[in-house]
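Asker: Here's a structure for you.
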Amino acid sequence: MELKDGTYRIGGSPVEDLAALAGTPVYVYDAGIIDRQVHRLRAAFTDIPLRVLYACKALTNMTVLRHMRTLGCGLDAVSIQEVEIGLRAGFLPKEILFTPNMVAYSEYQRAVELGVMINIDSLSVLEHFGHDFGDRVPVCIRFNPHIMAGGNERISTGHIDSKFGISIHQLRHVERVLATTGLRVNGLHMHTGSDILDAEVFLQGAEIILEIAGSFPSITFLDLGSGFKVPYKPDDIGTDIEDLGKQLGERLARFNAERTTPVEVWFEPGKFLVSEAGVLLVRVDQVKHTTATVFAGVDSGLNHSIRPMLYGSYHGIVNVSSPEGKPRIYTVAGYICETDTFAWDRKLAEVHEGDLLAFLNAGAYGYSMASNYNSRPRPPEILVKDGKAQLIRRRETIEDLLATQLDGGT
Ligand SMILES: Cc1ncc(COP(=O)(O)O)c(C=O)c1O
29 MELKDGTYRI
39 GGSPVEDLAA
49 LAGTPVYVYD
59 AGIIDRQVHR
69 LRAAFTDIPL
79 RVLYACKALT
89 NMTVLRHMRT
99 LGCGLDAVSI
109 QEVEIGLRAG
119 FLPKEILFTP
129 NMVAYSEYQR
139 AVELGVMINI
149 DSLSVLEHFG
159 HDFGDRVPVC
169 IRFNPHIMAG
179 GNERISTGHI
189 DSKFGISIHQ
199 LRHVERVLAT
209 TGLRVNGLHM
219 HTGSDILDAE
229 VFLQGAEIIL
239 EIAGSFPSIT
249 FLDLGSGFKV
259 PYKPDDIGTD
269 IEDLGKQLGE
279 RLARFNAERT
289 TPVEVWFEPG
299 KFLVSEAGVL
309 LVRVDQVKHT
319 TATVFAGVDS
329 GLNHSIRPML
339 YGSYHGIVNV
349 SSPEGKPRIY
359 TVAGYICETD
369 TFAWDRKLAE
379 VHEGDLLAFL
389 NAGAYGYSMA
399 SNYNSRPRPP
409 EILVKDGKAQ
419 LIRRRETIED
429 LLATQLDGGT
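Per the working numbering, the sequence shown runs over residues 29 to 438.
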């Protein structure tokens with residue numbers, strides 16, 4: 029979002045016009061920022077045979093998925109439903125990596141039927157799968173490198189107590205399963221968490237994976253997951269992708285020099301690709317002065333954007349209606365029947381009832397984590413692309429909320 033000629037704009041369109049297109053609350057995505065992020069990632073890893081899989085859990089709108097595909101991205105899917113959505117959006121099975129955790133074995137079987145690539149992160153599944161499919165269906169193996177990383181404990185996935193991955197210390201078990209079942213391994217995977225600032229963490233993880241890679245002669249790729257941090261606050265910094273690209277490039281070149289077939293490096297970013305591309309636009313319904321606080325109450329809540337309440341995430345907030353307004357302190361709260369605070373004691377341009385606020389960094393894990401709590405419909409979504417704003421999801425109605433209910437009598 030930029031302030032140009034006294035008006036906030038997204039991809040050139042005035043933000044007030046975007047709100048008028050679908051009403052509020054509404055998610056708005058800027059395709060130009062998604063493009064910028066994909067290109068930035070590619071440019072940072074030019075020395076590496078790189079493949080980018082978009083972690084679609086971050087934002088699964090079909091139009092966004094199709095856009096990702098036109099940018100040359102594959103798909104990282106964590107549920108069989110994400111796989112199906114990806115296929116319906118036009119991804120080929122070979123462009124989708126299915127990386128579930130703790131799912132029923134039938135989801136793996138369905139993934140085999142659909143022909144997508146499979147990533148296994150448990151020894152028992154590996155053994156079961158190996159007995160069923162032998163060398164007919166190659167798999168990637170997700171290892172847990174035992175690295176504590178990530179913005180907070182709920183988004184840390186690579187530490188010793190984590191439910192994700194097969195421990196690197198269980199390598200011998202893995203080798204035994206492969207030997208007895210004939211299962212072929214085409215890739216190794218790790219993902220240590222989200223919001224990881226330090227490029228060193230990725231290098232450390234890569235080093236661990238490279239160390240065990242010698243035990244898997246048939247691999248063609250190393251999937252180093254994601255977790256790149258993006259800036260949230262005005263003075264925040266993100267992961268130094270360019271530095272990571274340079275250092276990893278050198279390390280991988282040494283690794284590949286000793287192999288007959290070079291391996292590709294895969295990343296599967298969600299946040300990095302779509303977080304900054306999205307805003308959630310909300311209207312201020314009430315400005316409420318209590319004895320201690322001035323609340324700006326908006327027409328949305330944790331039902332539409334749960335990250336602040338779930339793990340204390342920070343979203344910049346801009347008063348779109350008042351670019352020149354005098355700064356004052358507000359606590360921005362939603363309309364849900366429990367505490368759903370988006371921001372505590374935040375400096376905003378003076379807020380009046382009816383003002384339009386924009387929550388920044390809302391593209392990732394915004395809509396995709398939204399719910400119908402308090403029987404509120406989920407908001408519409410707009411994509412601004414090539415200077416044009418298009419509604420890519422309508423607002424839910426009360427009929428949508430009731431559509432799956434069956435009459436059980438009284
Ligand atoms: C396996 C896997 N890959 C990729 C991602 C995307 O992470 P991020 O949005 O931090 O880029 C996640 C996030 O939870 C994940 O679990």
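Even for Gly, the Cβ is constructed at its ideal location relative to N, Cα and C.
Going by DSSP, which residues form a beta bridge with Asn284?
Answerer: Per DSSP, none; premise fails for Asn284.
Asker: Give the single residue among Ile169, Gln232, Thr220 whose Cα lies nearest to the Cα of His201.
Answerer: Taking only the C-alpha atoms, the option nearest His201 is Ile169.
Asker: Buried or exposed: Ile188, going by 16 or more other Cβ atoms within 10 Å of its Cβ?
Answerer: Burial call: exposed.
Asker: Is the Cβ-Cβ distance between Asn89 and Glu409 less than 8 angstroms?
Answerer: Yes. Within cutoff.
Asker: Measuring only from the beta carbon, is Ala105 closer than 7 angstroms to any heavy atom that is part of ligand 1?
Answerer: Because no heavy atom of ligand 1 lies under 7 angstroms away, the Cβ of Ala105 does not count as near it: no.
Asker: What is the rounded straight-line gap between the Cα of Lys375 and the Cα of Phe387?
Answerer: Going from the Cα of Lys375 to the Cα of Phe387 covers about 13 angstroms.
Asker: So, at 7 angstroms on beta carbons, what are the nonlocal neighbours of Phe244 in its own chain, with the 5 sequence-adjacent residues on each side left out?
Answerer: Cβ within range, chain order: Val213, Leu216.
Asker: I'd like to confirm something about Pro439: is its beta-carbon nearer than 7 angstroms to some heavy atom of ligand 1, or not?
Answerer: Residue coverage of the chain in this structure runs from 29 to 438, which leaves residue 439 outside it and unanswerable.
Asker: When the distance is taken between beta carbons, is Tyr395 closer than 8 angstroms to Leu49?
Answerer: No, Cβ-Cβ distance for Leu49 and Tyr395 is not below 8 angstroms.
Asker: Hey, which unbroken runs of the beta strand (DSSP E) at 3 residues or more fall wholly within the stretch 187-218?
Answerer: Qualifying beta strand (DSSP E) stretches, in chain order: 213-217.
Asker: For Glu424, which of Leu308, Gly382, Asn147, Arg406 has the nearest alpha-carbon?
Answerer: Measuring from the Cα of Glu424, the nearest candidate turns out to be Arg406.
Asker: Beta-carbon within less than 8 angstroms of Ile175's beta-carbon, same chain only, minus the 5 sequence neighbours each way: which residues are those?
Answerer: Within the same chain, Ile175 has close Cβ partners Gly186, His187, Thr220, Val229, Gln232, Gly233, Ile236.
Asker: Look up Tyr342 in the DSSP assignment and say whether it is helix, strand or coil.
Answerer: It is coil, neither helix nor strand.
Asker: Is Thr52 close to chain B, meaning its C-beta is less than 8 angstroms from at least one C-beta of that chain?
Answerer: No chain B appears in this structure, which consists of one protein chain only.
Asker: Hey, Leu385 and Val312 are a contact pair by Cβ (cut 8 angstroms); roughly how many whole angstroms apart?
Answerer: Contact holds; Cβ gap of about 6 angstroms.
Asker: Within the same chain, show all residues whose beta-carbon is closer than 7 angstroms to that of Val111, passing over the 5 residues directly before and after it, in chain order.
Answerer: Ala105, Ile124, Phe126, Ala139, Leu142, Val144, listed in sequence order.
Asker: List the DSSP bridge partners of Glu409.
Answerer: Answer is Tyr55, Arg421.
Asker: Tell me whether Ile38 sits in a helix, a strand or coil according to DSSP, three-state version.
Answerer: Three-state result, Ile38: strand.
Asker: In three-state terms, what does DSSP make of Leu308?
Answerer: Note: Leu308 maps to strand in three-state DSSP.
Asker: Starting from His491, follow its DSSP beta bridges and name the residues at the other end.
Answerer: Past the boundaries of the shown model lies residue 491; the chain is included only from 29 to 438, so the question cannot be answered.
Asker: Which of the three DSSP states, helix, strand or coil, is assigned to Asp373?
Answerer: If DSSP states are grouped into helix, strand and coil, Asp373 belongs with the strands.
Asker: List in chain order: all unbroken alpha helix (DSSP H) runs of 4+ residues lying wholly within the stretch 66-108.
Answerer: The stretch 66-108 contains these whole alpha helix (DSSP H) runs: 90-98.
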